[in-house]
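**Student:** One gets my numbering by counting positions in the sequence shown from 1 and adding 616 to each.
There's a structure below that I have some questions on.
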Amino acid sequence: ACADSPGARRPGRLDAKDDRLGADHAVLQMTPASFHVSVWEFFWPLPTGARLVLAKPGGHKGAGYLPDLLVSERITTAHFVPSMLTVFLAEDGVEAATALLRVICSGEELPLASAADFAARLPWCGLHNLYGPTEAAIDVTAWACEPDRLAQVTSVPIGAPIANLRLHVLDASGAQCPVGVAGELHIDGVGLARGYHRLPALTADKFVPDLHSDEPGARLYRTGDL
């Protein structure tokens, strides 16, 4: 997918109080560069004065590596795919990462048990479940995994749209589905990619006109998710 620079620069936005970085923060970069999450890991801290800490490639596979790194480098922000978070929580010394302020999960479904375990053992650190495809510049929704909220759900929600993005649940004809009726999730807003490089047919199939917008040329991305 080919994204324009405003969409590609946009970091994983949460909410106003959880979004800030500064000179006293440190962001851990451990996502392979071929995966879209690495974009905000690399670029989010740079204009803020925050430190960017590069994890050793494959280091997370070693017992104790991540807890030790989080403590020694006083990491404040880190991203985990949910399966890696579950493995991390099984390590010794997780509770020693007292500088950790924000952990972002995306890329897979976040198990409720892992979210609840994290919230109980690292209560000072915010855990955020994000959802979004590469075609929408990484992240489109966010949900804060707070203990009282986790106690009220049977699975971790993907949350609400972040700033400048909107979600629509549409049926096969493109009409809005009533609340409670299943449909395909569509995305529109500033984060949409231009399309797929040299794949015009696929671009036309996945990036469709937004029939609900008065803006000329408005488009929706069909996620394929129900």
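We put the beta carbon where it would ideally sit given N, CA and C, even for glycine.
Remember, predicted model here, so these are calculated numbers, not experimental data.
How is residue 737 classed by DSSP in three states: helix, strand or coil?
**Tutor:** Position 121 of the sequence shown, counted from the start, is the residue given in the question as residue 737. Residue 737 falls in the helix class under three-state DSSP.
**Student:** Are the segment 718-728 and the segment 689-703 touching, with three or more C-beta to C-beta distances below 8 Å?
**Tutor:** At 8 Å Cβ cutoff, the stretches touch.
**Student:** According to DSSP, which residues form a beta bridge with residue 782?
**Tutor:** For the purposes of this step, residue 782 is taken as residue 166 along the sequence shown, with counting starting at 1. Paired residue(s): 804.
**Student:** Which parts of the segment 652-685 are runs of the alpha helix (DSSP H), unbroken and 4 residues or longer, counting only runs that do not cross its ends?
**Tutor:** Counting only runs of 4 or more, we get 653-659.
**Student:** Please report the straight-line C-alpha distance between residue 767 and residue 817, rounded to a whole angstrom.
**Tutor:** Position 151 of the sequence shown, counted from the start, is the residue given in the question as residue 767. Position 201 of the sequence shown, counted from the start, is the residue given in the question as residue 817. For residue 767 and residue 817, the distance between alpha carbons rounds to 45 Å.
**Student:** Checking the sheet assignment: what are the DSSP bridge partners for residue 742?
**Tutor:** Mapped onto the sequence shown, residue 742 falls at position 126. 718, per the DSSP bridge assignment.
**Student:** For the alpha helix (DSSP H) holding residue 579, just list the boundary residues, first then last.
**Tutor:** The structure shown does not extend to residue 579, since the chain spans only 617 to 842, so no value can be given for it.
**Student:** Would the beta-carbon of residue 754 fall within 8 Å of that of residue 660?
**Tutor:** For the purposes of this step, residue 754 is taken as the residue at position 138 of the sequence shown. For the purposes of this step, residue 660 is taken as the residue at position 44 of the sequence shown. No, Cβ-Cβ distance for residue 754 and residue 660 is not below 8 Å.
**Student:** Taking the CB atoms as reference points, tell me whether residue 744 and residue 765 lie closer together than 8 Å.
**Tutor:** Taking the first residue of the sequence shown as position 1, residue 744 is located at position 128. Taking the first residue of the sequence shown as position 1, residue 765 is located at position 149. No, Cβ-Cβ distance for residue 744 and residue 765 is not below 8 Å.
**Student:** Can you say whether residue 793 is buried or exposed, counting buried as having 16 or more other CB atoms within 10 angstroms of its CB?
**Tutor:** Reading the sequence shown from its first residue, position 177 is the one you call residue 793. When all chains shown are included, residue 793 counts as exposed.
**Student:** Excluding five sequence neighbours on each side, which residues of the same chain lie with their C-beta closer than 6 Å to the C-beta of residue 627?
**Tutor:** Start at 1 with the first residue of the sequence shown, and residue 627 comes out as number 11. Reliability fails at residue 627, whose pLDDT of 48 lies under 50, so the model's placement of it is uncertain and no value is given.
**Student:** Thinking residue 842 and residue 824 are a contact (beta carbons under 8 Å), I'd like their distance in whole angstroms, please.
**Tutor:** Position 226 of the sequence shown, counting from 1, holds the residue named residue 842. Position 208 of the sequence shown, counting from 1, holds the residue named residue 824. The Cβ separation is near 17 Å, so there is no contact.
**Student:** Buried or exposed: which applies to residue 804, given that a residue is buried once 16 or more other Cβ atoms fall within 10 Å of its Cβ?
**Tutor:** Indexing the sequence shown from 1 puts residue 804 at position 188. Buried.
**Student:** Given a cut-off of 8 Å on the beta-carbon distance, is the pair residue 690 and residue 711 in contact?
**Tutor:** Translated into the one-based positions of the sequence shown, residue 690 becomes position 74. Translated into the one-based positions of the sequence shown, residue 711 becomes position 95. Going by C-beta atoms, residue 690 is not nearer than 8 Å to residue 711.
**Student:** Would you tell me roughly how many angstroms separate the C-alpha atoms of residue 641 and residue 687, rounded to the nearest one?
**Tutor:** Taking the sequence shown and counting its residues from 1, one reaches residue 641 at position 25. Taking the sequence shown and counting its residues from 1, one reaches residue 687 at position 71. Rounded to the nearest angstrom, the two C-alpha atoms are 13 Å apart.
**Student:** Determine the contact status of residue 799 and residue 786, defining contact as a CB-CB distance below 8 Å.
**Tutor:** Indexing the sequence shown from 1 puts residue 799 at position 183. Indexing the sequence shown from 1 puts residue 786 at position 170. Cβ atoms of residue 799 and residue 786: closer than 8 Å.
**Student:** What are the boundary residues of the alpha helix (DSSP H) that residue 810 is part of?
**Tutor:** Here residue 810 refers to the residue found at position 194 of the sequence shown. Element bounds for residue 810: n/a, residue is neither H nor E.
**Student:** What residues match up with residue 777 in a beta bridge as DSSP calls it?
**Tutor:** Within the sequence shown, numbered from 1, the residue matching residue 777 stands at position 161. DSSP output for residue 777 lists 757 as bridge partner(s).
**Student:** The beta strand (DSSP E) that contains residue 693, what's its start and end?
**Tutor:** For this step, residue 693 is matched to residue 77 along the sequence shown. Its beta strand (DSSP E) spans residues 693-696.
**Student:** Given a cut-off of 8 Å, decide if residue 757 and residue 777 are closer than it, judged by their beta-carbon atoms.
**Tutor:** Within the sequence shown, the letter at position 161 stands for residue 777. Within the sequence shown, the letter at position 141 stands for residue 757. The answer is yes: Cβ separation under 8 Å.
**Student:** At what residues does the alpha helix (DSSP H) containing residue 766 begin and finish?
**Tutor:** In the sequence shown, residue 766 corresponds to position 150, counting from 1. Its alpha helix (DSSP H) spans residues 763-766.
**Student:** Per DSSP, what kind of secondary structure is residue 644 in: helix, strand or coil?
**Tutor:** For the purposes of this step, residue 644 is taken as the residue at position 28 of the sequence shown. Three-state DSSP puts residue 644 in a strand.
**Student:** Buried or exposed: residue 677, going by 16 or more other Cβ atoms within 10 Å of its Cβ?
**Tutor:** Position 61 of the sequence shown, counted from the first residue, corresponds to residue 677. The residue in question, residue 677, is exposed, as its Cβ has fewer than 16 Cβ neighbours within 10 Å.
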